[in-house]
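Trainee: Residue numbers (this note's numbering), protein chains in the order written: chain A, 1 to 358; chain B, 359 to 716; chain C, 717 to 1074; chain D, 1075 to 1432. Ideal Cβ positions, reconstructed from N, Cα and C, are used throughout, including at glycine.
Protein chains: 4
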Amino acid sequence: MLKLGVVGYGYWGPNVVRNFSSQPDCRVVAICDKNPHAVALALNRHPAVHATSNADEVMSSPEIDAVAVVTPVSTHYQLARKALENGKHVFVEKPFTATSAQAEELIELADRKNLQIMVDHTFLFNGAVRKIKELIDGGTLGSLYYYDSTRVNLGLFQHDVNVIWDLAPHDLSIMDHLIGLEPELVVATGGAHLNGLADMAYVTLHFPKNIIAHLNLNWLSPVKVRTTLVGGERKMLVWNDLEPSEKVKVYDKGVQVTNNHDESRQRLKELVESKAFEVGAEQTIRDLLVSYRSGDMWAPQVDHTEALQLEARYFLDCVTSREKPVNDGRAGLRVVRMLEAADQSLKRRREIAYASFR
Amino acid sequence: MLKLGVVGYGYWGPNVVRNFSSQPDCRVVAICDKNPHAVALALNRHPAVHATSNADEVMSSPEIDAVAVVTPVSTHYQLARKALENGKHVFVEKPFTATSAQAEELIELADRKNLQIMVDHTFLFNGAVRKIKELIDGGTLGSLYYYDSTRVNLGLFQHDVNVIWDLAPHDLSIMDHLIGLEPELVVATGGAHLNGLADMAYVTLHFPKNIIAHLNLNWLSPVKVRTTLVGGERKMLVWNDLEPSEKVKVYDKGVQVTNNHDESRQRLKELVESKAFEVGAEQTIRDLLVSYRSGDMWAPQVDHTEALQLEARYFLDCVTSREKPVNDGRAGLRVVRMLEAADQSLKRRREIAYASFR
Amino acid sequence: MLKLGVVGYGYWGPNVVRNFSSQPDCRVVAICDKNPHAVALALNRHPAVHATSNADEVMSSPEIDAVAVVTPVSTHYQLARKALENGKHVFVEKPFTATSAQAEELIELADRKNLQIMVDHTFLFNGAVRKIKELIDGGTLGSLYYYDSTRVNLGLFQHDVNVIWDLAPHDLSIMDHLIGLEPELVVATGGAHLNGLADMAYVTLHFPKNIIAHLNLNWLSPVKVRTTLVGGERKMLVWNDLEPSEKVKVYDKGVQVTNNHDESRQRLKELVESKAFEVGAEQTIRDLLVSYRSGDMWAPQVDHTEALQLEARYFLDCVTSREKPVNDGRAGLRVVRMLEAADQSLKRRREIAYASFR
Amino acid sequence: MLKLGVVGYGYWGPNVVRNFSSQPDCRVVAICDKNPHAVALALNRHPAVHATSNADEVMSSPEIDAVAVVTPVSTHYQLARKALENGKHVFVEKPFTATSAQAEELIELADRKNLQIMVDHTFLFNGAVRKIKELIDGGTLGSLYYYDSTRVNLGLFQHDVNVIWDLAPHDLSIMDHLIGLEPELVVATGGAHLNGLADMAYVTLHFPKNIIAHLNLNWLSPVKVRTTLVGGERKMLVWNDLEPSEKVKVYDKGVQVTNNHDESRQRLKELVESKAFEVGAEQTIRDLLVSYRSGDMWAPQVDHTEALQLEARYFLDCVTSREKPVNDGRAGLRVVRMLEAADQSLKRRREIAYASFR
């Protein structure tokens, strides 16, 4: 029976409490929030839990085995450090920390103390993402070409972070999980229209093996969009997270270029140059060089189990087995590094080598 | 009665012939294509027209008043120059030319000879674009925040140009028309997976007045998307060109930040710093600072007249009135400059000052 | 402070408890369910409430002012009667009763005892329905032509009632509210493929003033549809209850026939007869006789307050004010009569005069 | 080389001319229309064709092998009869004739003269319908449960026929083809709001083997819908003809009831009766009796070849081979009988035995 303390009972905290509580081998024994209204709410819902506005009570309690940190990012480092120092495992909201230096320090501390850190990259446990992971790892998509996500809506403005820190962690953690590589270069552009913080941003990440990722993030969109395209050599897919029933659609579509296309292109070039505007001939040659494949579409059934429930289960299992979770501190660190690189690129108006943050 | 010669009878040429032919004060008298099959097809459809594979016959014919150049971009300059030198008005496919230097030379030549150049920025005559222009110019949207377009599909690969030169001219000409300003900076990222040319690209353009534009261009998408978001201070709209009936949706949505937000932010910062993780309080303050407006949606009726028909009409009127068209050589030049800047940025992996192409 | 007892704590009961509990002038004091698991669940969630499996404890408690009956329809009559006999107001699930005779008896009983009956026609309090009601009553739609609803999905099979009694009460109560008239004729067709009860049904209702309603009800549909078209002389609307944001779309569309169309039709008839197959002429004449109007579409903002919350509030207000609710026993009776007529029509394979159930 | 005369050059005639002309072994030699404008148009487009306003010239021409009758339905019988009497094969628009008696006479005449009649049930050659036919015949769907079509839009009003004769022939011919059975009973309801003819109608057809079909037909809908659900024991599908790319979606969804459900139902009934409102128990039993299957969705690639082109090809092949086409006069007659039955039901306000028209 793992005894959990939850620090932060705002928007997401209640979900953490509910999902950990429903595990048979876990008990939420303390809930903490600075806001007395949140404390009162927690007490009302969970009369048996110790509710407090003093985080130290949670950190120092000898009864508590693990702490969930569900507060704004600026406070993650301090709270997680205190928990680790007190010998407690840590489940921490994403993004892991406000800087990569903080993340590195926490990882080192946890390793030294033999404690677990799990960063709440909830989407890794989402049925659609697990299905996509399966399709990639099983070779269905073939070599990856790109990951292209549009994640836009009206608000929510956060006053301490820009739109990248608010919306990108979802996609960055998913990409990190699906692609399994660290990016080489990050380019971010964006605009700030209201309060000085970027409220829209476009982030491109170049990965090894010629994989490219792009995020369209926007707090000023009249419509909510959560659509991701993943293109591979053999198949392509569209994941629409707002679609109630067919979230993942796999398309048997693709493009093939003839093998010796260097030769073909040379020949084409000569033809084009010699005949100026011979449209028809050019078309014919193109058709010889490139062929399109357009077959069936298939929407696999996707598991609808609440992601956070599976993640809570996984946290408990990792604590018991002492195995490193996939979403450990290092995964959290990689996401923070990408966020830092994007921020830098936005500020300095140029591309940023991801390695400069390693 | 304007007598028109059409050079290039591949994919788009037949549309040009059909739409100019249907004007009462225009006659298509010659059609030219290097491809003998295209010539035969033209003859079959238009027995009364002079069909030839020799462009010089069109250029030198004293009977012809204007020439439509509907060939690949690499040939535009040479053909348009010949036409102008022979005293003929020119209607030329987009993008105008392969380089801005070529465009500048043609503009100068036309001005000297007192001839018209119209670049076929067809979308300016599309009902949805005209409606959006009306909404912007009439102040319905308020100050513009952004123009964000997704223009993706499977193929068509062109072997002489990359995806930017293939797909971006549509959006660049529309933006140029709607925003009425030249960009200050251009940033492009992208990837090439098949034949060495970029088959996906992301282009950000920074305009004066804090307006930002972004294009998502992709030849490797399993689905076809033609969706543009335009955000303004007072209203926002979504233009989905694939929607059969409600192409433009105007949302009475927006965000307002309180006037003295510098002061408010300072106070917020102090609060956040002093109280660490007081989620609830922060939320309360945020709600005071930012307010969302979410009202009705409205899909105005959009004219479905074929855009090219209106454009053909406009060309004839401009030739008669000697007024400069909005889509004159200078408009064409601006689009070519943006394409060049995007190409440069892609190649040199950094942002490019648009002014460097002026 | 009204004290409420809730009988039935299965699928819907918890929602009734939650929404009445949140009213400041109401307290749920007892919850009853035959199923001991349901009783245990109620106790767990509401430790202060008297939870029991004996309905008589609720009915006879002098402390209780009103009873909510949230059980299968076959038990409504008996439970509601007991509650009324014990001097308690009644809030009862739809459909009101299993027969119109039962409904009439309960109405008479409540009237005699000066007690309120409210039938839980929840959809009357739905934001979209309230908006549609407003559009009809305010004359925006003009004279009504039709109400056409598709309400299909996979399951839920109920073993005691057919698909009409399961799905139609929603639409019948909405229609009753919007149209404000009782139907003259009811025709139902349908099929039973699995367990002898109709699992798909099509119901047409003819109302006075030439208004027609139609319901497509299906438990065997692979997709879930909740779409209603309402056509009026001046405007038409589509209500898609599954659409997250634009639930109601009002179309400025219509058809007009020329005034003296008797004359026109006579002339047309002569023309058609005399000229046999003169397609073109006929088309011309038709265009003179009929004109289509196709203007803007408009999606008004719809209130998203939970319908049951508004309805609970309304129940408390009606108890206090002693005003008859719109969804009183008589409204419930009208819906039951329509259900009986549909059942009869299905069985006897012919249309049924609604009046035969009055 | 078959020589074809086309009578009727209004909306559909030009498509017939174009598709027959493009067959290598067919030549359209004459086009006839009463309307001189249509004749002029035909001449303009096809200078080599004999264009006339006198149908007798087509019927009596010894050069002509077959006649396409593309005129309003009221004229089909007379024109087709004349063609057959003159020894010509007939391709005739749907619906075949205005009455079943006319259809029977034409069939008898064609049989006697050993000539072909093909009724233009174009949709049988549509890629989506051919795919659905394949899925049914191959056993993928299992035993059919239902065919449910919604075919609504604004207009087109026809002055000589009601909405059933205008819109239903599409679905009736498709159903006839897919189901392969004649209906036993037809029930139609509907309303007339403008000019006395039904402008909305709902038609139910009961087929043997417990198959049910339903058509929702409406000329007064603000939106255009062309959606058909086909439910089978093993799989269900949705055909949306307005969807550009995924027209047919096959769902691995279904419902199973336990084998000995008579016994189960008896037991359930006792339980329900004995325990009054024991919701939970009932739910448990229901879950034992009924199980839902909800698997993947699959959108097979659908051939996009123009249906009329395939049909023209098929006509020519049938004339050569002397094989009866699937869409022969008898298929046309079956559709006319269903239309007559629906008309009768609408008029007499009761269900109509289809056999009464045999």
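The beta strand (DSSP E) with I212 of chain A in it runs from where to where?
Mentor: Element bounds for I212 of chain A: 211-218.
Trainee: Name, please, each residue of chain A whose Cβ falls closer than 7 Å to the Cβ of E1320 of chain D.
Mentor: Residues of chain A passing the Cβ test: M297.
Trainee: Who are the near neighbours of V450 of chain B in its chain, counting only those whose CB is closer than 6 Å to its CB and skipping five residues on each side?
Mentor: Only V427, H434, A438, V477 meet the Cβ criterion.
Trainee: Please state whether the Cβ-Cβ distance between V446 of chain A and S345 of chain A is less than 7 Å.
Mentor: Outside the shown range of chain A, which is 1 to 358, sits residue 446 of chain A, and nothing can be said about it.
Trainee: Tell me the residue span of the alpha helix (DSSP H) that contains Y918 of chain C.
Mentor: Looking at the DSSP string, Y918 of chain C is not in any alpha helix (DSSP H); the run it does join, the beta strand (DSSP E), is 916-923.
Trainee: Please classify N412 of chain B: is it buried, with 16 or more other beta-carbons within 10 angstroms of its beta-carbon, or exposed?
Mentor: N412 of chain B is exposed by the Cβ-count criterion.
Trainee: Select from C:L883, C:V946, C:L822, C:N751 the residue whose C-alpha is nearest the C-alpha of A1047 of chain C.
Mentor: Comparing Cα-Cα distances from A1047 of chain C to each of C:L883, C:V946, C:L822, C:N751, the minimum goes to C:L822.
Trainee: What's the call for R867 of chain C, buried or exposed, on a 16-neighbour Cβ count within 10 Å?
Mentor: With 16 or more Cβ atoms within 10 Å of its Cβ, R867 of chain C is classed as buried.
Trainee: Opposite S1010 of chain C in the DSSP bridges: which residues?
Mentor: C:K969.
Trainee: So which of C:Q1017, C:G1045, C:P1041, C:G724 has the shortest CA-CA distance to A826 of chain C?
Mentor: Ranking C:Q1017, C:G1045, C:P1041, C:G724 by Cα distance to A826 of chain C puts C:G1045 first.
Trainee: Mapping the DSSP letters down to three states, classify R360 of chain A as helix, strand or coil.
Mentor: This structure gives no information on residue 360 of chain A, because the portion of chain A shown stretches from 1 to 358.
Trainee: Would you say L339 of chain A and W219 of chain A are within 7 Å of each other, going by their C-beta atoms?
Mentor: No; because the gap between Cβ atoms is not below 7 Å, this pair is not in contact.
Trainee: Out of D:V1123, D:R1387, D:R1308, point me to the one whose CA is closest to S1368 of chain D's CA.
Mentor: Answer by Cα proximity: D:R1308.
Trainee: Quick check on DSSP: helix, strand or coil for Y11 of chain A?
Mentor: Coil at Y11 of chain A, not helix or strand.
Trainee: Say whether the region 750-757 of chain C touches the region 722-739 of chain C, bearing in mind that this needs 3 or more beta-carbon pairs closer than 8 Å, one atom from each stretch.
Mentor: They touch, by the three-pair rule.
Trainee: Mapping DSSP to helix, strand and coil, what is R1038 of chain C?
Mentor: Residue state, collapsed to three classes: coil.
Trainee: When you compare each of B:P580, B:N598, B:S603, B:P658 to E1320 of chain D by their alpha carbons, which one comes out closest?
Mentor: If we check each option's Cα against that of E1320 of chain D, B:P580 comes out closest.
Trainee: Pair every Cβ in the region 940-960 of chain C with every Cβ in the region 902-914 of chain C, then say whether three or more of these pairs are closer than 8 Å.
Mentor: Verdict: no, contact absent.
Trainee: What is the rounded straight-line gap between the Cα of A1175 of chain D and the Cα of L1407 of chain D?
Mentor: Near 9 Å, if we compare the C-alpha coordinates of L1407 of chain D and A1175 of chain D.
Trainee: I believe G441 of chain B touches V448 of chain B by the beta-carbon criterion, under 8 Å. Please report the beta-carbon distance rounded to the nearest angstrom.
Mentor: Note that residue 441 of chain B is Ala in the sequence shown here, rather than Gly. With a Cβ gap of about 5 Å, A441 of chain B and V448 of chain B count as contacting.
Trainee: Going straight from the alpha carbon of I780 of chain C to that of E306 of chain A, what length do you get?
Mentor: So the alpha carbons of these two residues sit roughly 39 Å apart.
Trainee: What's the gap between the Cα of Y365 of chain B and the Cα of V1081 of chain D?
Mentor: Tyr is not the amino acid found at residue 365 of chain B; the sequence shown has Val there. Cα-Cα distance, rounded: 39 Å.
Trainee: Sort C:A1058, C:V745, C:P740 by Cα distance to V774 of chain C and report the nearest one.
Mentor: V774 of chain C has its Cα closest to that of C:V745, out of C:A1058, C:V745, C:P740.
Trainee: Excluding the 5 residues preceding and the 5 following Q474 of chain B in the sequence, name in chain order all residues of the same chain whose CB lies nearer than 6 Å to its CB.
Mentor: Here the set comprises H447, C676, V677.
Trainee: Mind listing the chain A neighbours of V596 of chain B? Cutoff is C-beta to C-beta under 7 Å, in chain order.
Mentor: Within 7 Å Cβ-Cβ: P222, V223.
Trainee: According to DSSP, is D65 of chain A helix, strand or coil?
Mentor: Looking at D65 of chain A - three-state DSSP - the assignment turns out to be coil, as it is neither helix nor strand.
Trainee: Looking at the unbroken beta strand (DSSP E) that takes in L399 of chain B, where does it start and where does it end?
Mentor: Note, L399 of chain B: premise wrong, no beta strand (DSSP E); alpha helix (DSSP H) at 394-403.
Trainee: Would you kindly work out how many angstroms separate the C-alpha atoms of Y650 of chain B and D610 of chain B, rounded to a whole number?
Mentor: If you take the alpha carbons of Y650 of chain B and D610 of chain B, they lie about 10 Å apart.
Trainee: In chain B, which residues lie with their C-beta within 7 Å of the C-beta of E433 of chain A?
Mentor: Residue 433 of chain A is absent from the structure shown; chain A starts at 1 and stops at 358.
Trainee: Run through chain C and tell me which residues come within less than 9 Å of Q614 of chain B, C-beta to C-beta.
Mentor: Within chain C, no residue comes near Q614 of chain B; the closest Cβ sits about 17 Å away, beyond 9 Å.
Trainee: Which of the three DSSP states is assigned to G687 of chain B in this structure?
Mentor: In the structure shown, G687 of chain B sits in a helix (DSSP, three-state: H, G or I).
Trainee: Looking at F1281 of chain D: is its Cβ nearer than 7 Å to the Cβ of H1244 of chain D?
Mentor: Taking 7 Å as the Cβ cut-off, F1281 of chain D and H1244 of chain D do not qualify as a contacting pair.
Trainee: Could you round the C-beta distance between L1252 of chain D and Y1221 of chain D to whole angstroms and report it? I think they count as a contact, below 8 Å.
Mentor: Correct: roughly 7 Å between the Cβ atoms.
Trainee: Closer than 6 Å by C-beta to R1360 of chain D: which residues in its own chain qualify, once you throw out the five before and the five after it? Chain order, please.
Mentor: Because the pLDDT at R1360 of chain D is just 49, under 50, the model does not fix this residue reliably, and the value given afterwards should be weighed accordingly. If we look at R1360 of chain D and ignore the five residues flanking it on each side, it has no Cβ neighbours.
Trainee: Can you tell me whether A1122 of chain D is buried or exposed, with buried defined as 16 or more other CB within 10 angstroms of its CB?
Mentor: With fewer than 16 other Cβ atoms within 10 Å, it is exposed.
Trainee: Among the candidates B:Y712, B:A461, B:D661, whose CA atom is the shortest distance from the CA of R488 of chain B?
Mentor: The shortest Cα separation from R488 of chain B among B:Y712, B:A461, B:D661 belongs to B:D661.
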